[in-house]
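K.L.:
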Amino acid sequence: MKRYLALASAASLLILSCQPPQQVTLDVYRLQGSVMVPQQDQSIRPVQMSFDPLGLLMTDAHAATGLVPVPAGVEVRLLRIDDEGRPVSSEPIATGRTDANGRYTLDVSATDMTLPATNLVLEAGNYATGNYLRNFVTEEQLDLTPVTTAMVQLMVDRREPLLSVPVTVIQEARQLSLQGTQSIDYSTVDLANALSNTLSSLKANATLTTRLDQLLTRVVSGRVLAPNGRVAAAPGFRIDQFLMPPAEALTGLQAVSSDVAVTLSRIDNNGNVVGLPLATARTRSDGSYSFVLPAEAQLGSEFVVSVGSGPSLMRAMLSGSAQLDISPLSEMTTRLIINNGTVLSRPKVPISEFSAPEIIAILDAVQRSTDGAALGGANNISAVLSVIEPVIQSDATVRNNLAAAGGVPGPTVNNVPPVTAEDFVVLQGTAQTGSLVTVEGGTQPVSVALGASESNYSIQVPLKRNSNHALRVRSIVGGDASLPTLVNIRTDTLNPRVVTDRIVARNPSGQSFETIITGGTAAIEDQGRVTLIITGPKLGNAVQLQTTEAGAFEGRLAADSGDLLNIEAVDEAGNRSEAQIVVGGPGPVVTSVMQETVITRDAPFADRVITVSGAGFDPTLANNRITFITDYGQASSQPRSVSTDRRTLVAPVPDGLASKLSELPTEAQVQVTTDNVPSNNNRSFTLFPRLSALSQARLNGNGRSEHYTLDTVRNHFLMTSQLGSASSILNFDGNGNVLTRDVAADITHDSIFRDVALDSAGNFLISNFDATLAGKNRELPDIRPTYRISHYEVAGTGTELRLSRRAAESADLGAEPGAIAYNRTANQIYVALPSQGRIVRMSFNGNIFGRPETLASGLPTPIRDIQLTADDNFMYVSLGNNLSVFRLTLNAQGDVDLLDSNFAKDMGNGNGHLTVDTDANLYLTLGTGIERVNPRGQRTNLVPVLQGLQPTVGLLWLNNQLYTHQLNQPDLYRIAP
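In our numbering, the protein residues as written are 1 to 977.
Okay, here's the thing in structure tokens:
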């Protein structure tokens, strides 16, 4: 049975007793909603099992906004994303599909993770191509629309750590986004433009921006750290526990699990809570928490965040730190401030006298005092505190920082630039008259003494070049020292680097005032932002720009095609460098091309796309044409999308660029023509084959020992399949569709099938062995248990193809057989004995088997596959753990004339199943991809990685296409040129 949980009330993992918890059958979160796209958009289509013409009909627009539900069958994925918005893993956490109304339902096990979470999204479509929809997983009812997608990107673009953003902030941002986009009509735009327009609208929404600024500037966030990650007893196993961050410096502290309650409260001078909690949050799976600081809470020692109670209580005072962690160290800091009189044996200073910087300084000293502290057997909060308390209270720095609070005031420091090109900095400010001002954190400590009536100081601090410094400025009066005033500064003596290959200057219309200069990511390489001054040959022709942190920029100035532009880059420290670029003409500019192969289901939906980077593409898709040129053909296509900045274009790769798999991979030249004007020069990319997963051919074997066989009589192919002790032979047509799932289903047999070959009449020769040798009960007690080759007669064709009877059987082979091949020219059967490193041959004439004889022995084990060429002149043998391929030259009698053990050596780990095309090229499964070896033994990586991390297993060439599958995966893949 299932128990459905609300997203705000996940089963708690904070166990407060030592008794074992009762087990629940299955606790799940149910997510559901609609997936909506612009009325004219066709980019998000279902992965259909068969062609459905009704799926092309438009449904009615939704709520007069121009949005319609997607068709049935569109996949909806639950993903974790990083702070850049990218999926953390290529494998989704959970998936579902839309129904005929465009609605989805997704059940997520509560034992795997806790919801809601602000770094989890639901996604439909293809994020890599820009045609996708998203929504944060913060409530049960979640529609996926261009508005929710743009809102997710808006939060990503704010560069806030997503995990630190409270759920309430996401929910309010979504509501304001929906309110602010009600007037947008999506009926005439595609999805890519809809997302771009909506994001621009959200960023221009002053109400939304102001509210997010208000909320996020008062966000308190951090982690809860406890001995062994436990506040009380041990939580249960969770998949997402592997995402925990590393422990603090104090050995044994780990982030707690999810759903631990964190409260914000006000305390009095003795540490007692005043009134009710001001805010409450719960930890996420990595132990982090966050909430928006309510108006009545202020930074200082009178407000604390806490977890637990009694001996397990841990608190942290609001210090304004960017990361407010709750741990035994923060609890000790809280106790020191509350009990400062007792600790220092002096009258108590009220906790209200401790400022936020003073709290930080005390906590820093506490952390340093416990570096390397041995906790012994302390494994709970109370025990850890009792161990570290005497260490902390006796530490001189801790006591000095605690005593300094409310004592000598720290010096003020005038503003200094955060970056300098010098190897020193001059600090100036004011300090208590007559004090000694000291500065630490430079290359050496420095100080200056003030006179009895002197309060202004100036001191030069030496710095290390190209380094970050945290300077600590103190005032010392008598034996008392103030807490430090911190100054962060970076030295930068390196000139910025201008990467002209990543900068494009073009004149799209031929008019002088139209020149656009754009630089992609890392166009300017430096440690921070850089100011650019770009000048041209015309009088007064100059523009000043500033790069992003990633080194990108865009600007305009008056220049003609062919003009030389000077670029001067000045970084934050004043370092300079120069470069020159030439203005391109009115045509588009192409800087790079990258192919992405998308494995989709069924031939009509198999896809290859390229992403073209450059400038000057036309937002109107029909005004762009992409021409592809290879050594084997030329073809053109239109783009699917153009980015709003006109710098990125995504286009499908057309057919006709290669006619055979043996021609791939190959270099393909790309030229983009915009408004009938071609790009300035061609760029190339490596064209790989087209990949598709065949939905109808769902495999059910374990993928460990399947062999494929080409049925040249019927232009079909066969595949042996193993699942436990069950064995079957599948029959496929020339397009990879399953005709018969087990051609042996109508006969009683005791066999475990390994591989199949066909005799001249189209009957089957099958390497197999008795099932009792694999622990299966016998069906035919009169048949002796042997390792053998069996001759089966077949009847019927197409979907009616069946084994009709076992006509003959070979002598016992003495060991488990593997791959089999039949030489029709010499009437010889070859069968591999993998564990013995031996290949056996026997004659086969008039349906009578000859005696088994050794063809080759002493080969590396295991023998993985054998394959004859079409003319029966050569046999290829794949073998060994570090896969190699031997080539055997056969004579007219089927004997070996020559054995070439150096044909292809030490190829790596792989299953090594073989197939040969009509040009005598050999293909084999290697690692997670497919390798091609030509008749001269030269290797080419045809498919580097098929999909995921599972090894490829079986392999067959038919009709200029390859078929393969992966270990423990149900998909049959087709690879075509």
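Don't be surprised by glycine CBs; every beta carbon is placed ideally from N, CA and C.
For the region 904 to 923 and the region 932 to 939, state whether three or more C-beta atom pairs, one from each stretch, are separated by less than 8 Å.
P.N.:
These segments touch.
K.L.:
Below 8 Å on the Cβ atoms is my guess for phenylalanine 354 versus alanine 281; work out the distance and round it to an integer in Å.
P.N.:
As a first step, residue 354 is located in the sequence shown; it is residue number 354 there, counting from the start. As a first step, residue 281 is located in the sequence shown; it is residue number 281 there, counting from the start. About 24 Å separates the two Cβ atoms, so there is no contact after all.
K.L.:
Where valine 219 and aspartate 480 are concerned, what is the direct C-alpha to C-alpha distance, given to the nearest angstrom?
P.N.:
Mapped onto the sequence shown, residue 219 falls at position 219. Mapped onto the sequence shown, residue 480 falls at position 480. Cα to Cα, valine 219 sits roughly 36 Å from aspartate 480.
K.L.:
Residues in the same chain with beta-carbon distance under 6 Å from threonine 334, minus the five sequence neighbours each way, listed in chain order, please.
P.N.:
The sequence position of residue 334 within the sequence shown is 334, counting from 1. Same-chain partners within the cutoff: Arg315 and Met317.
K.L.:
Which residues in the same chain as proline 652 place their Cβ atom closer than 6 Å to its Cβ, once the five residues preceding and following it in sequence are excluded?
P.N.:
The count along the sequence shown starts at 1 and reaches residue 652 at position 652. Excluding sequence neighbours, proline 652 sits near Val609 and Ser637.
K.L.:
Can glycine 912 and leucine 899 be called in contact, C-beta distance under 9 Å?
P.N.:
Reading the sequence shown from its first residue, position 912 is the one you call residue 912. Reading the sequence shown from its first residue, position 899 is the one you call residue 899. No, the pair does not count as a contact, with Cβ atoms beyond the cut-off.
K.L.:
Assuming lysine 767 and isoleucine 820 form a contact by the criterion Cβ under 8 Å, report the distance between their Cβ atoms to the nearest whole angstrom.
P.N.:
If you number the sequence shown from 1, residue 767 lands on position 767. If you number the sequence shown from 1, residue 820 lands on position 820. The sequence given here places serine at residue 767; lysine does not occur at that position. Confirmed, about 4 Å.
K.L.:
So which of Ser109, Ser843 and Ser319 has the shortest CA-CA distance to leucine 293?
P.N.:
Translated into the one-based positions of the sequence shown, residue 293 becomes position 293. The shortest C-alpha separation from leucine 293 is found at Ser319.
K.L.:
Buried or exposed: methionine 842, going by 16 or more other Cβ atoms within 10 Å of its Cβ?
P.N.:
What you label residue 842 is simply residue 842 of the sequence shown in a count that begins at 1. Classification of methionine 842: buried, given that the 10 Å Cβ count is 16 or more.
K.L.:
Would you list the one or two residues that DSSP bridges to histidine 469?
P.N.:
For this step, residue 469 is matched to residue 469 along the sequence shown. Answer by DSSP bridge pairing, in chain order: Ile489.
K.L.:
Classify glycine 442 as buried or exposed, calling it buried when 16 or more other Cβ atoms lie within 10 Å of its own Cβ.
P.N.:
Walking along the sequence shown from the start, residue 442 turns up at place 442. Counting Cβ neighbours within 10 Å, glycine 442 comes out buried, since at least 16 surround it.
K.L.:
So which of Gln544, Ser684, Val121 and Val840 has the shortest CA-CA distance to valine 590?
P.N.:
As a first step, residue 590 is located in the sequence shown; it is residue number 590 there, counting from the start. Measuring from the Cα of valine 590, the nearest candidate turns out to be Ser684.
K.L.:
Taking the alpha-carbon positions, what's the histidine 469 to proline 484 distance?
P.N.:
Stepping through the sequence shown from its first residue, residue 469 is reached at position 469. Stepping through the sequence shown from its first residue, residue 484 is reached at position 484. Answer to the nearest angstrom: the Cα atoms are 14 Å apart.
K.L.:
Is the region 789 to 796 touching the region 859 to 873 in the sense that three or more CB pairs, one from each, lie closer than 8 Å?
P.N.:
Because the criterion of three Cβ pairs below 8 Å is not met, the region 859 to 873 and the region 789 to 796 do not touch.
K.L.:
Comparing C-alpha positions only, which one of Pro409, Thr712 and Asn126 sits nearest to valine 650?
P.N.:
Here the question's residue 650 lines up with position 650 in the sequence shown. Of the listed residues, the one whose Cα sits closest to valine 650 is Asn126.
K.L.:
List in chain order: all unbroken alpha helix (DSSP H) runs of 4+ residues lying wholly within the region 392 to 456.
P.N.:
Counting whole runs of 4 or more residues, the region 392 to 456 contains the alpha helix (DSSP H) stretches 396 to 404.
K.L.:
Hey, tyrosine 963 and leucine 691 are a contact pair by Cβ (cut 8 Å); roughly how many whole angstroms apart?
P.N.:
As a working mapping, residue 963 is identified with position 963 in the sequence shown. As a working mapping, residue 691 is identified with position 691 in the sequence shown. Tyrosine 963 to leucine 691, Cβ: 11 Å. No contact.
K.L.:
Return the first residue and the last residue of the alpha helix (DSSP H) that threonine 786 is part of.
P.N.:
Locating residue 786 in the sequence shown gives position 786, counting from the first residue. Per DSSP, threonine 786 belongs to no alpha helix (DSSP H) and is neither H nor E.
K.L.:
Along the beta strand (DSSP E) that carries threonine 518, what are the first and last residues, could you check?
P.N.:
On the sequence shown, residue 518 is found 518 positions in, with the first residue counted as 1. Start and end: 515 to 519.
K.L.:
Which residues does DSSP list as the beta-bridge partners of tyrosine 104?
P.N.:
As a position in the sequence shown, residue 104 is number 104, starting the count at 1. Answer by DSSP bridge pairing, in chain order: Gly33.
K.L.:
Can you tell me where the alpha helix (DSSP H) with proline 357 in it begins and where it stops?
P.N.:
Taking the sequence shown and counting its residues from 1, the one referred to as residue 357 is at position 357. First-last of the alpha helix (DSSP H) with proline 357: 356 to 369.
K.L.:
Below 9 Å between beta carbons: does that hold for glycine 300 and leucine 142?
P.N.:
Looking up residue 300 in the sequence shown gives position 300. Looking up residue 142 in the sequence shown gives position 142. It is not a contact, given that the beta carbons lie outside the stated cut-off.
K.L.:
Among His707, Gln323, Gln634 and Arg640, which has the Cα closest to the Cα of alanine 1053?
P.N.:
Not covered by the structure: residue 1053. The range shown for the chain is 1 to 977.
K.L.:
Less than 6 Å between C-beta atoms, sequence neighbours within five positions excluded: which residues of the same chain meet that for aspartate 631?
P.N.:
Locating residue 631 in the sequence shown gives position 631, where the first residue counts as 1. Nothing meets the Cβ criterion.
K.L.:
Apart from the five residues just before and just after glycine 287, which ones in its own chain have a Cβ nearer than 6 Å to its Cβ?
P.N.:
Here residue 287 refers to the residue found at position 287 when the sequence shown is read from its first residue. Contacts found: Arg223, Val224, Ala255 and Val256.
K.L.:
Determine, using beta-carbon pairs with one atom in the region 521 to 528 and one in the region 540 to 560, whether at least three such pairs fall under 8 Å.
P.N.:
Output reads yes: the region 540 to 560 touches the region 521 to 528.
K.L.:
Per DSSP, which one or two residues make a beta bridge with leucine 144?
P.N.:
The residue given as residue 144 occupies position 144 in the sequence shown. The partner list for leucine 144 (beta bridge, DSSP) reads Val35.
K.L.:
Can you tell me whether arginine 134 is helix, strand or coil according to DSSP?
P.N.:
Reading the sequence shown from its first residue, position 134 is the one you call residue 134. Strand, per DSSP.
K.L.:
Considering only DSSP beta bridges, list what histidine 716 is partnered with.
P.N.:
Against the sequence shown, residue 716 aligns to sequence position 716. Paired residue(s): Asp711.
K.L.:
Under a three-way DSSP split, which group does asparagine 827 fall into?
P.N.:
On the sequence shown, residue 827 is found 827 positions in, with the first residue counted as 1. If DSSP states are grouped into helix, strand and coil, asparagine 827 belongs with coil.
K.L.:
Indicate the three-state DSSP secondary structure (helix, strand or coil) for glutamine 696 in the structure shown.
P.N.:
Indexing the sequence shown from 1 puts residue 696 at position 696. If DSSP states are grouped into helix, strand and coil, glutamine 696 belongs with coil.
K.L.:
Exposed or buried, which one is serine 751 when buried takes at least 16 other CB atoms within 10 Å?
P.N.:
Here residue 751 is taken as the residue at index 751 of the sequence shown, counted from 1. Buried, since its Cβ has 16 or more Cβ neighbours within 10 Å.
K.L.:
For the alpha helix (DSSP H) that contains asparagine 340, what are its first and last residues?
P.N.:
Locating residue 340 in the sequence shown gives position 340, where the first residue counts as 1. 340 to 344 is the span of the alpha helix (DSSP H), which, as asked, contains asparagine 340.
K.L.:
In terms of DSSP beta bridges, what is leucine 120 paired with?
P.N.:
Sequence index remark: in the sequence shown, residue 120 carries index 120 (1-based). Answer is Arg80.
K.L.:
What does the alpha-carbon distance come out to for the pair asparagine 827 and leucine 883?
P.N.:
For the purposes of this step, residue 827 is taken as residue 827 along the sequence shown, with counting starting at 1. For the purposes of this step, residue 883 is taken as residue 883 along the sequence shown, with counting starting at 1. Looking at the two C-alpha atoms, the distance is approximately 29 Å.
K.L.:
With a Cβ-Cβ cutoff of 9 Å, do alanine 635 and isoleucine 516 count as a contact?
P.N.:
Along the sequence shown, read from residue 1 onward, the residue named residue 635 stands at position 635. Along the sequence shown, read from residue 1 onward, the residue named residue 516 stands at position 516. Cβ atoms of alanine 635 and isoleucine 516: not closer than 9 Å.
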